[in-house]
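Each residue of the sequence shown is one higher than the one before, counting from 150 in our numbering.
All C-beta atoms in this analysis are idealised placements derived from N, C-alpha and C, irrespective of residue type, glycine included.
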Amino acid sequence: MKNVFDYQTEWSGLQNRMARMFDPDSGRTVLLAVDHGYFQGAPAGLINLRETVTPLLPYCDAISPAIGGLKTSLDPKTRTPIILRATGGNSMRRPDELDDEVVTVSVEEMVRCNAIGFTVSCYIGLPGQCQTIESLASLSDEAHRFGLISIGITAVGADPVLTKFVKGEREDGGELTADDKKEAVRYLKHACRVVSENGADIVKTYYCDGFEEVVEACLSPIVIAGGTKRPTKEALEFTFNAIKAGAVGVDMGRNIFQNEHPVAMIQAVRAVVHEDKSVKEAFQLYEEISKG
Ligand code: R5P
Numbered sequence: 150m151k152n153v154f155d156y157q158t159e160w161s162g163l164q165n166r167m168a169r170m171f172d173p174d175s176g177r178t179v180l181l182a183v184d185h186g187y188f189q190g191a192p193a194g195l196i197n198l199r200e201t202v203t204p205l206l207p208y209c210d211a212i213s214p215a216i217g218g219l220k221t222s223l224d225p226k227t228r229t230p231i232i233l234r235a236t237g238g239n240s241m242r243r244p245d246e247l248d249d250e251v252v253t254v255s256v257e258e259m260v261r262c263n264a265i266g267f268t269v270s271c272y273i274g275l276p277g278q279c280q281t282i283e284s285l286a287s288l289s290d291e292a293h294r295f296g297l298i299s300i301g302i303t304a305v306g307a308d309p310v311l312t313k314f315v316k317g318e319r320e321d322g323g324e325l326t327a328d329d330k331k332e333a334v335r336y337l338k339h340a341c342r343v344v345s346e347n348g349a350d351i352v353k354t355y356y357c358d359g360f361e362e363v364v365e366a367c368l369s370p371i372v373i374a375g376g377t378k379r380p381t382k383e384a385l386e387f388t389f390n391a392i393k394a395g396a397v398g399v400d401m402g403r404n405i406f407q408n409e410h411p412v413a414m415i416q417a418v419r420a421v422v423h424e425d426k427s428v429k430e431a432f433q434l435y436e437e438i439s440k441g
């Protein structure tokens, strides 16, 4: 006996694109972020973008470059899905204005590049808050007509207090206090929810202690950025903790491409994200691969 719901009546491009970047078994993703040059210039590990990404491509579920990096350094024959950085207009040369970001890539250009989705930074609590939320909302609205995935990022620019929360350490490199940790959860919980409510299909944010609360309060699935380069074990540890707390993957850059052994590191990150490996197991895998 059949009923009407046994028939598929609608094909959704958005769902199909999500299925391309999320592993069907784990339901999670390892997205490789290589878009940093759009405001950082030429950071370590990305000077020669093509050389960096080529060996990593087989191990990521999707890759996130800026438009210039995509056109100059990615092989157009790649089968790896593309998530395009869609906002910019800022640069580290003017650190106080990092939150002054605008839309730099049109939806038409995303389609022309065959991107499956895009990222937009939202600077919640900073002067650029309104314009960057507007960028997310309007781009999501337009891009959803074509079934593209919208990823909203909770970005903090150079703000000293917020930077401390996303780095997980004080300005002098010391540990966050208990009050700092509480405030970090409060901030990230608020920022993620705002980004989610304004149209992001996926929210990208930073890991903090108490991350379960951030995940619980966010209506959209969360992936974590890696932030500044950490020792290998530490990076695997926060990845493990984020997944355990409910993140559906990573959108990680520097902790992979600035690692001494990027190909080993991305495979170790995959083991945590997709296979629920422990930090010890993933680190062992990292050592085996890096020793060749
Ligand atoms: C900012 O540069 C971009 O949004 C990056 O894609 C993001 O910060 C993720 O890269 P990482 O893991 O290096 O923080």
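Residue environment analysis places isoleucine 371 among the buried positions, since at least 16 neighbouring C-beta atoms fall within 10 angstroms of its C-beta. Residue range 327-346 is occupied by the alpha helix (DSSP H) that includes arginine 335. Taking a 10 Å sphere around the C-beta of methionine 170, we find 16 or more other C-beta atoms and assign the residue as buried. Taking cysteine 341 as reference, the option from Arg319, Glu365, Asp328, Lys226 with the minimal CA-CA separation is Glu365. Pairing leucine 325 with tyrosine 355, the inter-Cα distance amounts to about 15 Å.
Judged by beta-carbon spacing, serine 439 lies beyond the 9 Å limit of phenylalanine 389, meaning their Cβ atoms are not closer than that value. Closest in C-alpha terms to valine 422, from the list Ile265, Ile351, Ala384, Glu362, comes Ala384. Using a cutoff of 8 Å, the CB of isoleucine 415 does not count as near ligand 1, since none of the ligand's heavy atoms is closer than that. Taking every protein chain shown into account, the CB of methionine 150 has fewer than 16 other CB atoms within 10 angstroms, so this residue is exposed. The beta-carbon distance between glycine 376 and valine 179, rounded to whole angstroms, is 16 Å. This is too long to meet the 8 Å contact definition.
Residue pairing by DSSP puts valine 372 in a beta bridge opposite Lys353.
Rounded to the nearest angstrom, the Cβ distance from valine 343 to isoleucine 273 is 5 Å, consistent with a contact under 8 Å.
Spanning the alpha carbons of lysine 226 and glycine 323 requires a straight line of approximately 46 Å. Alanine 394 carries a coil assignment under DSSP once its states are collapsed to helix, strand and coil. By the neighbour-count criterion, in which a residue is buried when 16 or more other Cβ atoms sit within 10 angstroms of its Cβ, serine 161 is exposed. Counting C-beta atoms within 10 angstroms of its own C-beta, isoleucine 196 has fewer than 16 neighbours from the protein chains shown and is therefore classed as exposed. By the neighbour-count criterion, in which 16 or more other beta carbons inside 10 Å mark a residue as buried, tyrosine 336 falls on the buried side.
Judged by DSSP secondary structure, phenylalanine 295 falls outside any alpha helix (DSSP H); it is assigned neither H nor E.
Rounded to whole angstroms, the separation of the alpha carbons of threonine 381 and phenylalanine 432 is 8 Å. Inter-residue distance for valine 251 and glutamine 280 is about 7 Å (C-alpha atoms, whole angstroms). If you ignore the 5 residues before and after proline 230, its C-beta comes within less than 6 Å of the C-beta of Arg169, Met170, Ala211, Ile265, all in its own chain and listed in chain order. When secondary structure is reduced to three states using DSSP, arginine 234 falls in the strand class. Between ligand 1 and asparagine 408, a heavy atom-to-CB distance of less than 8 Å is absent. Nearest neighbour of phenylalanine 295 by Cα position, chosen from Asn152, Glu258, Arg243, turns out to be Glu258.
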